[in-house]
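Engineer: Going by my numbering, the residue at position 28 of the sequence shown is 140; the numbering climbs one at a time, nothing skipped. Beta carbons are placed, not taken as given, at the ideal position from N, Cα and C, and that holds for glycine. A quick note: this is a predicted structure, and the numbers were derived from the prediction, not measured.
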Amino acid sequence: MKDDDIKRLRSLYPRLWRHDLTRLPDGWTAIIEKLMAALNEIQTPIKGQYGSPLFVLIQSSGGFAVAFASPNPELGNWTPEKSHAVIEALRQFNAATSESCEICGSPSVIVAQERDGGPQHRLCQRHNEEQLAKYEGRVLQ
Ligand SMILES: [Zn+2]
């Protein structure tokens, strides 16, 4: 994630922000922002209360990501409807990351592994071709 995006998201959603989100790929920043906006709207942090009404964890590796959330019943006004809305926001995040290029956010077409056992990446057609050209020593125009 780019520094400007880190600063912006940390400022917009201080109670949802976690440092490990900085490791998520640039192409998924808009998806992460959409999740944070949805979660923040479902249960807005209450002024004067320390802590977040919602704990969010995103696990990401090898072209896949999954988000988890745990509402804090001590903070906020939780209802079954809000809980269901959290589940739906997580579902949308998980679906969107499984369909989007890690580099640019365009629709992904492949999960490709770097040579020599490097990590896998979810890529669009253009970025997959660029990766292939890099490994093959070709130059794309
Ligand atoms: Zn791409």
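(1) Leaving out the 5 sequence neighbours to the left and right, which residues in its chain are closer than 7 angstroms to Ile222 when beta-carbon positions are compared?
(2) Should Leu169 and Pro183 be called a contact, given that it needs their Cβ atoms to be closer than 8 angstroms?
(3) Pick helix, strand or coil for Ser123, following the three-state DSSP scheme.
(4) Closer than 7 angstroms to a non-hydrogen atom of ligand 1 - does that hold for the CB of Arg238?
(5) Taking the straight line between their C-alpha atoms, what separation do you get for Ser195 and Tyr247?
(6) Would you call Arg127 buried or exposed, if buried means 16 or more other Cβ atoms sit within 10 Å of its Cβ?
(7) Taking only heavy atoms of ligand 1 into account, decide whether any of them is closer than 7 angstroms to the Cβ of Leu133.
(8) Count the other CB atoms within 10 Å of the CB of Glu214; is the residue buried (16 or more) or exposed (fewer)?
(9) How far does the beta strand (DSSP E) with Val178 in it extend, from its first residue to its last?
(10) Please name the residue or residues paired with Ser270 in a DSSP beta bridge.
(11) Going residue by residue through the segment 187 to 232, where are the continuous beta strand (DSSP E) segments of at least 3 residues, counting only ones entirely within it?
(12) Could you check whether the Cβ of Gly175 sits closer than 7 angstroms to any heavy atom belonging to ligand 1?
(13) Can you tell me whether Leu169 sits near ligand 1, meaning its C-beta is under 7 angstroms from at least one heavy atom of the ligand?
(14) Alpha helix (DSSP H) containing Leu244: first to last residue?
(15) If I follow the unbroken alpha helix (DSSP H) through Leu133, where does it start and stop?
Structural biologist: Taking the structure as given:
(1) Leu235 and Asn240
(2) no
(3) helix
(4) yes
(5) 46 angstroms
(6) buried
(7) no
(8) buried
(9) Phe176 to Pro183
(10) A query on residue 270 cannot be resolved here, the shown segment of the chain reaching from 113 to 253 and no further.
(11) 222 to 225
(12) no
(13) no
(14) Gln237 to Glu248
(15) Unbroken run through Leu133: none, as it is neither H nor E.
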